[in-house]
Amino acid sequence: MTLNINNQQYAAEFDSEMPLLWVLRDILGLTGTKYGCGIGQCGACTILIDGKPIRSCSTPASFASGKRLQTIEGLEETKYRVLQEAWIKEQVPQCGYCQSGQLMSATALLMTNANPSEAEILDAMRGNICRCGTYPRILKAIASVVKENAV
Amino acid sequence: MEGSKQSRREFLYNTSLVGGGLVIGLNFLQACVDNVKVVPDPEHPLVTTENMFYHDGATSITDFLQIRSDGKIFVSLTKYEMGQGVSTGLSAIIAEELEADWSKINIKYAQPIKDVANSTGGSTSILSHWDLLRRAGAFAKRLLIEAAAKEWAVYADHCSAEKGVVRLLGTKKELEYGQLAQRVVVPKNYREAFENTPLKFRSKFKLIGKNLRSKIIPDIVTGKHPYSMDVQLPGMKYAAVLRCPVFKGKLIEYESEEAVQVPGVEKVVAITLDTTDTIRDGIAVIATSTWAAFQGKSALKAKWDLGEHAKTVHKTFVAECRHKLEKDKGTEILRIGSKTKDADVDQVVSRTYEFPYQHHACMEPLNATAHFKGDSCEMWVGTQSADKIMANIEKHLGIPKENITINCHPSGGGFGLRYSSDYALESMVVSKASGGELIKLCYSREDDIQFDHLNPFELNKHTVGLKNGKPIFWDMKNVMANWGGLLGWMYYDIPNISGTQITVNGFTHVGAWRSVMANAEGFSTESFIDELAHELGRDPLEFRLSHLPRNKMVDFNHSYACNLNRLRGALELVAEKGEWGKEMPEGSGQGIAVYPYMHGNGYGAALAEVSVIDKTIKVTRISIAIDCGLVINPDLIKQQMEGGVIWALSAIFYGGTAYKNGVVQRSNFHDNRVYRIHEIPEIAIHICKNDEETPWGVGEIAGPVTYASVCNAVFAATGKRIRKLPITNGRL
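And the structure:
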């Protein structure tokens, strides 16, 4: 099966029913996308498929056939790197394990809504759990990108 | 560097200094200087914890510290990074004394170093390695200056160092650290020189006290931070274990026919280890991917002897604990003053508070990669206690410690869970049982919750005798599951005090959980003093302050004596910044609390505001004040306080657990809920100014005061007193 990830073609043999999370991590070695819960509850595995945020832990690889995947590894190459910069500026992460998913969810939000209200930000980000409690800074970082009209 | 692991152990030794002072062994250092290690780029660059430490052309001037010819500096961590920020905090201390350019500092993750880098917790990393790392930095700077002085044929005191450059005073001559690294000469009396190298005065600090940016965040936001979960090694297989669902149950038989049919599953092996009661009996599935291992595990059929804990009824256990609290005498572990007869007081007030078992649910589920090789083994793991892993492998698998290699990775959260070494030992047992396969054992989230080492269940009964409106005695009696000890009790100035403990056998294993005993002690003590204040018609802030006399140290036989000025200072600051006593709207209220965390000598206070609508609590604002001595990095402190508050709010509203027939009923984030972004209150952090010369603990200060301040605010808003956590879903 061939997957288009971050504008690169990846070809490998694997069970097409395997969730994308494990294809990315164990088969293709793209370990930036994290396993947190396996049931779409925590958001650590969030990637974009054709620009929409999906939980890769509960999405079979077959679903991605012919579609465009974006993961944390490719974010720097897009204009949404401003989010990574804001994450650094606001010193958001602590342990960092959930942050790939947080950044991908934030990216998905700004792709569809470049000027979200605080309520819209909260609504878009509530699917992503952070156990270190970096939420106040995630909110600040996204708000700063919105405020500076950076995307 | 052939045999560098052995050298690493030899080149360090402990002195009698408090907190494990340390000397850098410079015969090793000389070997580093002489021997430039050239290594190829790693095959899997994303998961190396060496962070290119032994890179082409690099020169180490100690194993802690490497300065390269391009001026890049690598700091080898002496503590374990799990999100608490030690990589940034500890390297700032070295960089300060080294007079390094902060932008050139890079991190190499901790390797277990005997007696030094093996254990991380108790909010003690910065305070216990403060002196050691300052000396390491200062000593390295001295060597660099001496190398420059030799180059210019002048005395060393004609040179000065700043921002990675040595200058010859009164001239324009300068040499960068990178140019000097290979010219360093180690003095023969290096041990003495190390101890005698002068340290900077606090007034001269340039980096300490500043909001230096994290050294790990750039890797995190690009997905490159090297968690052990991301380890990928040639030939590595993936493993999942079906464990006995009840603590101490036994495997009778299993059936793996269906499991081995799952594509990718290669092997199924039983794991039983009679020598330990914390590794559960189980069946391991070895596969070509984590997914295949999980699928194979689901297809297994097992028959267990569930044992006596299967008979446990959670509610009965709690009721029995309450019964013991009233009936058992317990063991007196603290006594100040004398026993007071009830007849000598006007009134006796007694209240009991319950703090539940609590799950960790770190974002990175437990995992370890293990390779059993007969008489030696290697492991890749995130751990707060590498020494415990090594000791357990030696004890249970018979591999001598010197043949065990542990590669320590940073983790996606620790919060005390990664003190437990079960998951690591278990991974090695699986590797052994599979015939020596290199395996990555990954807990599913369900495993991580079900086989968690929980915060112990605790009951605290506080009893006070009042005479003329003053507490004459204060007794605390405590029932605790599988744990003992008191942490920070009793800091209020009461003439007669006692602490009594009853340890009970709970029905599951327990462990350290951020703030440990301070959670239940802080929650109960600060709730009770609030009750007393209201009982006596006193203002809760004023009542507390009236029992915290100035200029008094209280020693309750813990790591540090409690400095009441610091405690008062935190309380007064939070009262001022949080606007204690301001008019609150109908149905809302303020609550206040203060608590010392004596493992790390940190002092915290909180002021919470809540509103209660339709019997549902909403926390709207929390102010925290912290006194943690000398401040290394204010922003790191704020991060830890914000995180600690949110951690505690999760525990207040969604914490606890539920067992049925000895089996954990929670399984994942839908039924073990934690706070999400839309639920957080406004959080304000205030750091007390002080003139302390040393830094104290930070990471576990916020929790205890958050529980009590929120519950006290609920009382202020509604008149309802919370004596039992959690307040499920915030419903009163």
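Keeping their order, the protein sequence lines are chains A and B.
Just so you know, the first sequence maps onto residues 44 to 194 in our numbering.
Just so you know, the second sequence maps onto residues 519 to 1250 in our numbering.
For every residue, glycine included, the Cβ atom is placed at its ideal position computed from N, Cα and C.
Note that this is a predicted model, so its numbers are computed, not measured.
The alpha-carbon separation between residue 1224 of chain B and residue 1008 of chain B amounts to approximately 18 Å.
For the region 749-766 of chain B, the beta-carbon criterion of a distance under 9 Å to any beta-carbon of chain A is satisfied by 749, 750 and 756. Short of 8 Å from the beta carbon of residue 956 of chain B, and not among the five residues preceding or following it, lie these beta carbons of its own chain, in chain order: 751, 753, 754, 755, 887, 888, 889 and 949. Sorting A:129, A:72 and A:116 by C-alpha distance to the C-alpha of residue 740 of chain B places A:116 at the top. In this model, residue 652 of chain B and residue 682 of chain B are separated by some 16 Å (Cα to Cα). The C-beta of residue 946 of chain B comes no closer than 9 Å to any C-beta of chain A.
Residue state for residue 914 of chain B is assigned as helix, using DSSP reduced to three classes. Close to chain B, meaning a Cβ-Cβ distance shorter than 9 Å, are the following residues of the region 105-117 of chain A: 114, 115 and 116. Contact check for residue 104 of chain A against residue 58 of chain A passes: the beta carbons are separated by less than 9 Å. The three-state secondary structure of residue 846 of chain B, taken from DSSP, is coil. Its chain contains 89, 90, 91, 96 and 115 as the residues whose beta carbon lies nearer than 7 Å to that of residue 147 of chain A, once the 5 sequence neighbours on both sides are disregarded; these appear in chain order. In terms of Cβ geometry, residue 726 of chain B and residue 1148 of chain B form a close pair [threshold 9 Å]. In the structure shown, residue 96 of chain A adopts extended strand secondary structure according to DSSP, grouped into three states. Each residue's CA atom was taken as its position, placing residue 679 of chain B and residue 597 of chain B some 27 Å apart. Comparing alpha-carbon positions, the option among B:899, B:1154, B:1089 and B:673 lying closest to residue 959 of chain B turns out to be B:899. One alpha carbon belongs to residue 666 of chain B, the other to residue 656 of chain B, and they sit about 15 Å apart.
Judged by pairs of C-beta atoms under 8 Å, the region 1185-1192 of chain B does not touch the region 1217-1237 of chain B, as fewer than three such pairs exist. Taking 9 Å as the cut-off, the beta carbon of residue 1171 of chain B is found no closer than this to the beta carbon of residue 1041 of chain B. Residues of the region 947-960 of chain B with a C-beta atom less than 7 Å from some C-beta of chain A do not occur.
Bridge pairing for residue 890 of chain B: B:895 [DSSP]. Counting along the chain, residue 1206 of chain B sits inside no beta strand (DSSP E), nor does DSSP assign it H or E at all. For residue 1027 of chain B, the secondary structure class from DSSP, reduced to helix, strand or coil, is coil. By the Cβ neighbour-count rule, residue 967 of chain B is buried, with 16 or more other Cβ atoms within 10 Å of its own. With 16 or more neighbouring CB atoms inside 10 Å of its own CB, residue 1043 of chain B falls in the buried class. As the crow flies, the alpha-carbon of residue 687 of chain B is around 38 Å from that of residue 1146 of chain B. The region 951-1005 of chain B contains, as complete alpha helix (DSSP H) runs of 4+ residues, the segments 963-968 (chain order). Residue B:583 holds the alpha-carbon nearest to the alpha-carbon of residue 624 of chain B among B:907, B:583, B:600 and B:921. Residue 1174 of chain B and residue 193 of chain A have their alpha carbons spaced roughly 43 Å apart.
In the DSSP assignment, residue 1142 of chain B falls within the beta strand (DSSP E) that extends over 1134-1145.
In this structure, B:791 is the residue among B:609, B:791 and B:779 with its C-alpha nearest to the C-alpha of residue 768 of chain B. Inside the region 808-840 of chain B, DSSP marks whole beta strand (DSSP E) runs of 3 or more residues at positions 819-823, from first to last along the chain.
When Cβ pairs closer than 8 Å are counted between the two stretches, the region 727-747 of chain B is seen to touch the region 132-148 of chain A, the count reaching three or more. In the DSSP annotation of this structure, the continuous segment of the beta strand (DSSP E) that includes residue 922 of chain B starts and ends at 922-926. Per DSSP, residue 46 of chain A is one residue of the beta strand (DSSP E) stretching across 45-48. For a Cβ distance threshold of 7 Å, residue set 176 and 179 of chain A lies close to residue 1160 of chain B, ordered along the chain. If you check the CB distance, residue 1095 of chain B and residue 1066 of chain B do not come in under 9 Å.
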